[in-house]
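Residue numbers (the numbering used here): 1 to 65. Cβ atoms here follow ideal geometry from the backbone N, Cα and C, with glycine treated the same way. As the structure is a computational prediction, the values presented were derived from the model and not from experiment.
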């Protein structure tokens with residue numbers, strides 16, 4: 001089963017910060033995600049190895065920084 005975002009809701013749910021013309025093109029040309037993208041198991045937690053903005057802000061604002 002393919003999954004995709006409905007074209008009429010695409011700008012609001014996926015491209016809110018994109019100009020309307022570009023969002024319309026993105027909605028029309030999106031490729032559907034395969035169901036396996038949500039069904040396959042996770043092999044390791046990415047948050048343990050990939051830095052994120054929120055964790056770096058927390059470190060900068062902490063007494064340990």
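Per-residue burial, residue 20 [other beta carbons within 10 Å of its own, 16 or more giving buried]: exposed
Whose CA, out of 27, 50 and 31, lies closest to the CA of residue 11? 27
Selection from 32, 38, 44 and 7 that minimises the alpha carbon distance to residue 23: 7
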